[in-house]
Structure formats: C-alpha cells, structure tokens
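Structure first, commentary second.
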Amino acid sequence: MKQRSISLHLHSSWEEVKEKMKENDHTLTDEDLEYKTGKEEELIKRLEKVMGKTREQVIAYIESISANTDLAG
Numbered sequence: 724m725k726q727r728s729i730s731l732h733l734h735s736s737w738e739e740v741k742e743k744m745k746e747n748d749h750t751l752t753d754e755d756l757e758y759k760t761g762k763e764e765e766l767i768k769r770l771e772k773v774m775g776k777t778r779e780q781v782i783a784y785i786e787s788i789s790a791n792t793d794l795a796g
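Each residue of the sequence shown is one higher than the one before, starting from 724 at the first, in our numbering.
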C-alpha cells in the first residue's frame with residue numbers, strides 16, 4: 724500500500740519554522756529537522772518517532788508554528 728504524499732502548508736520559511744520548533748522543544752536537533760523540498764514524508768516520519776506524536780499531530784504542529792498559532796506542547 725502506497726503512502727499518500729504530503730505537502731506542508733507553510734506560512735513562514737522552513738528555517739523560521741525550524742528555529743521556532745527548537746525553541747519550543749529543546750530536544751529537537753538540526754538533524755531531526757532536516758528538510759528538503761519533496762522529502763516531506765521523511766521529515767514527518769522522523770518527527771513522529773522523535774516527538775512521540777501521530778502523523779496528523781506532527782503536521783498540525785508544524786503548520787501551527789508556521790502560521791504562528793503555536794500548538795506547542
């Protein structure tokens with residue numbers, strides 16, 4: 724069964740989002756947050772494991788930080 728592809732809806736640059744995520748969760752590393760265009764799936768899977776959240780929670784978290792609605796925590 725093929726995984727559906729994901730497109731993150733970012734309102735800020737990934738660099739800004741990454742820095743905000745590291746501020747909110749000091750356990751996240753640059754390696755955890757490495758992102759390349761077209762490699763969203765790898766990022767989501769890595770963050771699911773590191774953050775102990777579901778796929779949907781990770782996506783909502785990233786997008787909320789990007790939109791500055793901060794679902795941090």
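Note that the Cβ used here is the ideal one computed from N, Cα and C, for glycine as well.
message: Starting from Ser-787, trace the alpha helix (DSSP H) in both directions and tell me its first and last residue.
response: Here the alpha helix (DSSP H) through Ser-787 covers 778–789.
field: Sub-8 Å separation of Leu-770 and Asp-753 beta-carbons
entry: no
query: For the alpha helix (DSSP H) that Lys-743 lies in, which residues bound it at each end?
result: 737–747
- prompt: How many angstroms separate the CA atom of Gly-761 from the CA atom of Ile-767?
  reply: 12 Å
Nearest-angstrom beta carbon gap, Lys-776 and Tyr-784 [assumed within contact, 8 Å]: 7 Å
Test: Ser-736 CB closer than 8 Å to a CB of chain B: Within the model displayed, chain B is absent; a lone protein chain is all it includes.
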